[in-house]
Amino acid sequence: MIKEKIQQTAKNIFEDVVANRRHLHSHPELSFHEVETSAFVARKLEELGLEYHKMANTGLVALLKGDKPSDQVVALRADMDALPILEANDVPYKSQNPGVMHACGHDVHTSSLLGVAKILTGLKSEFGGTVKFIFQPAEEKLPGGASLMIQEGVLENPKPAAVIGQHVMPLIDAGKVGFRAGKYMASTDELYVTVRGKGGHGAQPQQNVDPVIITAHIITALQTIVSRYADPKSPSVLSFGKVIANGATNVIPNEVYLEGTFRTMDEKWRSEAHIKIKKMAEGIAESMGGSCEFNIMKGYPFLINEEKLTASTRAHAEEYLGKENVLDLDIWMAAEDFAYYSQAADSCFYRLGTRNESRGITSSVHTPTFDVEESALEQSVGLMAYLAVKQLGN
């Protein structure tokens, strides 16, 4: 049975996958600068005898065709970039690039996909169809490496019937995975706002146009975009995380600068909300004697897991890991540029558990203490290899 062969091979290559993950973790690179990471992946693909070509500058795409006759194609995706975070972990594989860290598990994703390539290369006589391996740059930074690779034709020649991706989740114990069919992750837009007034002495507000007060009204009023204009059945989030006035105890500034985010799971509402947000903020500022420059940088779309594909993928995960190790996920208002694949092709994006409370491996992604329970790598490579083979109809 191919399942048992994949499981045994995953066990056999486990130490190699861990070594690759630790190498990548030690040498993180920021979005669109994954030069050494790309070269490392290329060397590993060459060792497997897999031909590849570059896309989106540092991205790579490789194909593996099984020996049995089949025209089916499935794509597997891993992201490669790291984050601008100073790592706080005291581990042998700590980042050697100060201020840059694999704090979102992309080292796990990349080493896992290399492991999947190794498993399937060794078992290509056991299956038919083509597996497309997508090693993608710049998930963490707009416009997102996925959008660039799609523009350059990553989903063509050959065109995959399905795209499958995974992401670490420190809320789930190692050895388990999670799935959700339908809408799963939110779109994301970045908000950059400057509210202008007329500064002056804090004891003479009648002589000024206070941009701080205007800003306070704008922040409060914009919450009605979510609470009174959005359909309550479709989640939306509008948050401001940066507000800079740069006045003093007795100084009203000339302007206030804000940065925030808007997220939702409905593209039509997303477009409508952009207009309402901008119009409301500008109207409030004008009505209070000031002005508002409101810029919206449109980011990733929402991520949707195709229902039938996700159902079959989940069922195959239960076959491989056991039903008790496959969990249902709730919607997640974070964003992920895998969403571009999901908008262009039938896709399934699932979660890989990496938590181990007994070892203190519980930190969230995007934190300086994030790490993973490495035993999860065995399930990671084996499961994804099995999902690919099953998706190809074997």
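Under UniProt numbering, think of the first position of the sequence shown as 1, with each following residue one higher. In this text, a Cβ means the ideal position worked out from N, Cα and C, and glycines have one as well.
Beyond the five residues adjoining it in sequence on each side, Y386 comes within less than 7 Å, by CB distance, of K3, I6, H316 and Y320 in the same chain, given in chain order. Non-local beta-carbon contacts of Q96 in its own chain, meaning distances under 7 Å to residues more than five positions away in sequence, involve S26 and H27 in chain order. With fewer than 16 other Cβ atoms inside 10 Å of its own Cβ, A39 counts as exposed. Looking at the DSSP output, R196 bridges to E255 and S291. Excluding the 5 residues flanking it on each side, P92 has same chain C-beta neighbours closer than 8 Å at R22, in chain order. Going by DSSP, M149 is part of the alpha helix (DSSP H) stretching over G145 to Q151. Pairing A334 with M101 gives a Cβ-Cβ distance that is not under 8 Å.
Spatial neighbours of H366 in its own chain (CB-CB distance under 8 Å, excluding positions within 5 residues in sequence) are listed in chain order as L83, I85, A103 and C104. Residue state for V74 is assigned as strand, using DSSP reduced to three classes. Distance between V372 and R77, taken at the CA atoms: about 20 Å. Judged by DSSP secondary structure, S125 falls outside any alpha helix (DSSP H); it is assigned neither H nor E.
With three or more CB-CB distances shorter than 8 Å, the stretch 339-346 counts as touching the stretch 300-311.
Listed as beta-bridge partners of H53 by DSSP are V61.
In the pairwise beta carbon analysis, the stretch 245-264 is classified as not touching the stretch 152-167: fewer than three pairs are separated by under 8 Å.
Within the same chain, Cβ atoms closer than 7 Å to the Cβ of L30 are found at D81, A82, P84 and V100, the five residues on either side in sequence being excluded. By the Cβ-count criterion, I275 is exposed, with fewer than 16 other Cβ atoms from all chains shown falling within 10 Å of its own Cβ.
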